[in-house]
Structure formats: structure tokens, C-alpha cells
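As C-alpha cells, the structure follows; a few thoughts come after it.
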Amino acid sequence: TGRKLVAHRICEGAAHTANTSSIGELRAFHHDKQEGKPLKVFTASGPFTTSDSMSYQPFVDFLHVVMEQSPDVVILTGPFVDMRQEAIQSGKTTIELEDDAGNLVEQSVPYEAVFANKISSVIEEAFLVDEKLA
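Residue numbers (the numbering used here): 2 to 135.
Now the structure itself:
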């Protein structure tokens, strides 16, 4: 249901060292790569669905702004799905898939698969439309 997180195992080990850059490296990056311009960072926090639709229209709208504004970095945080969504609460989430004959058929899947399917298709479409995103 997305209301709790259950750990199945604990992975121990040393954490990776943090990436560091010297002041000179940062200054060179700023002047050489960014031509002295500020770094443009966009952040957005979900949910990226509405309580009555799994179309991810809020995400699509945000992606249009990203494509228009061309930020250097985009950071997305969840929740990615509105848990008040009826399909999520009932556990009856579906996606349309093409069968061997080329017909579209609805298949029941976990809501994570709906998210992956919808978001990946929206992002792929954005990359086809705007080659600068690659």
C-alpha cells in the first residue's frame, strides 16, 4: 500500500567517500563549462498523479517546463503516486500492453510497474522531441 517500508536485509559495508572538488576545479568548471552562468537547478516533489487519475499529468506538465527552461539539473522526490488514488488503495492497478497480435490488452500489475511504465514512456517521448536532453 506504500504506507510502510519493510527491510528484507541489511547491507553493511563502508560508505563511499564523498566526491570532492577543489576550489580551482569548481572555478574552472564554472568559467569553462558554464561560461560563468549560474547553475540552473529544478526540484519537484510529488505526488505526480492526482487523487482521481493515474495519467501522471502533473509530471507531464513539469516535464514541459523542464523542456522549455532547459535546467542543468532536475531533482525529483516522492511520493510519486497519490496514495488516495482509488486504484492504489484497492490494489487494482493495470497497464495496457500489446499482445502478440498487436491488440492492446489490460494487465494487472503492481503500482510500481504502472509508475515505471508511465514515467519511462513520458521521458522517452521527451527525449525524442528534444535531443538536448540526452
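Virtual Cβ for every residue (Gly too), placed ideally from N, Cα, C.
Counted within 10 angstroms of its Cβ, other Cβ atoms place residue i as buried (16 or more) or exposed
{"i": "VAL82", "result": "buried"}
{"i": "LYS119", "result": "buried"}
{"i": "ILE24", "result": "exposed"}
{"i": "GLN86", "result": "buried"}
{"i": "ILE89", "result": "buried"}
Residue span of the alpha helix (DSSP H) that contains residue i, given as start and end
{"i": "SER91", "result": "87 to 91"}
{"i": "GLU97", "result": "Taken as a continuous stretch (DSSP letters only), GLU97 belongs to no alpha helix (DSSP H), being part of the beta strand (DSSP E) at 95 to 99."}
{"i": "ILE11", "result": "Neither: ILE11 is in no alpha helix (DSSP H) and is coded neither H nor E."}
{"i": "LEU27", "result": "24 to 29"}
Residue i, enclosing beta strand (DSSP E) - first and last residue
{"i": "SER109", "result": "105 to 109"}
{"i": "PHE63", "result": "PHE63 -> not in any beta strand (DSSP E); alpha helix (DSSP H) instead, spanning 58 to 70."}
{"i": "SER122", "result": "Note, SER122: premise wrong, no beta strand (DSSP E); alpha helix (DSSP H) at 112 to 130."}
For residue j and residue i, believed in contact at Cβ under 8 Å, the rounded distance
{"i": "ALA127", "j": "LEU64", "result": "5 Å"}
{"i": "GLY47", "j": "GLY79", "result": "5 Å"}
Contact set for residue i: own chain, Cβ-Cβ below 6 Å, skip 5 residues either direction
{"i": "ASP73", "result": "LEU40 and LYS41"}
{"i": "SER56", "result": "none"}
Residues near residue i in its chain [Cβ-Cβ closer than 7 Å; skip 5 each side]
{"i": "GLN108", "result": "THR95, ILE96 and LEU98"}
{"i": "ASP100", "result": "VAL106"}
{"i": "VAL67", "result": "PHE43 and VAL75"}
Sequence-distant residues of the same chain with beta carbon closer than 8 Å to residue i, five excluded per side
{"i": "ILE76", "result": "VAL42, PHE43, THR44 and ALA45"}
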